[in-house]
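In the numbering used here, the protein residues as written are 1418 to 1589. Think of the CB as a built atom: it goes at the ideal place given N, C-alpha and C, for glycine as much as any other residue. So the structure is just underneath, and the comments pick up after that.
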């Protein structure tokens, strides 16, 4: 009987130490904070434009991978000749704007995409379009001013335009 109690004590102590060591390792790992994108985010310091010190502000949202790639959608909608390096002009309220679509490589270049949470994960079978998780767009006016920057006179107009474009793309 004495031998059994000795083994139980030894197993209890070893189990406690294993638990203590496991807890110690777990507490050393820092949790990563990720941001949920929601409807959209405005990210600063994106594409660089000639004559400006700071990069453009990016209208950033999650890609719906069940839809066709946004490059094809924009090419069809605005009669753009190529799906590479998409830029197009749009006239809103008698003012000409130039819209830039970020490629996935450009998004990775300007922003750390690992800090953003992907809420709509699709299996390989369900993906019809691009495998990119996020889409980014920037807008300038005819004087190369960032139209999405804080304090821009055109920010509300361009945000409404981009929200409507996003809605149209997701319901196309």
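Simplified DSSP state of residue i, which is helix, strand or coil
{"i": "residue 1509", "result": "strand"}
{"i": "residue 1586", "result": "helix"}
{"i": "residue 1484", "result": "coil"}
{"i": "residue 1555", "result": "strand"}
{"i": "residue 1567", "result": "coil"}
{"i": "residue 1573", "result": "helix"}
{"i": "residue 1492", "result": "helix"}
{"i": "residue 1418", "result": "Any reading at residue 1418 must be qualified, since the residue scores a pLDDT of 49, below 50, and its modelled position is unreliable; no value is offered."}
{"i": "residue 1578", "result": "helix"}
{"i": "residue 1560", "result": "coil"}
{"i": "residue 1527", "result": "helix"}
Proximity below 8 Å, CB of residue i to CB of residue j
{"i": "residue 1558", "j": "residue 1514", "result": "yes"}
{"i": "residue 1374", "j": "residue 1505", "result": "Residue 1374 lies beyond the residue range present for the chain, which begins at 1418 and ends at 1589; the question has no answer from this structure."}
{"i": "residue 1453", "j": "residue 1569", "result": "no"}
{"i": "residue 1578", "j": "residue 1509", "result": "yes"}
{"i": "residue 1575", "j": "residue 1565", "result": "yes"}
{"i": "residue 1463", "j": "residue 1474", "result": "yes"}
{"i": "residue 1586", "j": "residue 1469", "result": "no"}
{"i": "residue 1486", "j": "residue 1547", "result": "yes"}
{"i": "residue 1561", "j": "residue 1467", "result": "yes"}
Beta-bridge partners of residue i, as assigned by DSSP
{"i": "residue 1504", "result": "1517"}
{"i": "residue 1533", "result": "1452"}
Spatially closest choice to residue i from the options, by CA coordinates
{"i": "residue 1482", "options": "1517, 1508, 1527, 1549", "result": "1549"}
{"i": "residue 1580", "options": "1452, 1451, 1453, 1458", "result": "1458"}
{"i": "residue 1588", "options": "1480, 1455, 1451, 1469", "result": "1480"}
{"i": "residue 1488", "options": "1516, 1567, 1560, 1529", "result": "1516"}
{"i": "residue 1461", "options": "1573, 1538, 1529", "result": "1529"}
{"i": "residue 1551", "options": "1522, 1563, 1561", "result": "1522"}
{"i": "residue 1507", "options": "1555, 1567, 1531", "result": "1555"}
{"i": "residue 1533", "options": "1471, 1467, 1478", "result": "1478"}
{"i": "residue 1502", "options": "1561, 1584, 1520, 1472", "result": "1520"}
{"i": "residue 1567", "options": "1456, 1476, 1455, 1465", "result": "1476"}
{"i": "residue 1553", "options": "1572, 1524, 1538", "result": "1524"}
Let me know the alpha helix (DSSP H) ranges lying completely inside the region 1451-1484, each 4 residues or longer, listed in chain order.
Listed in chain order, there is nothing to give.
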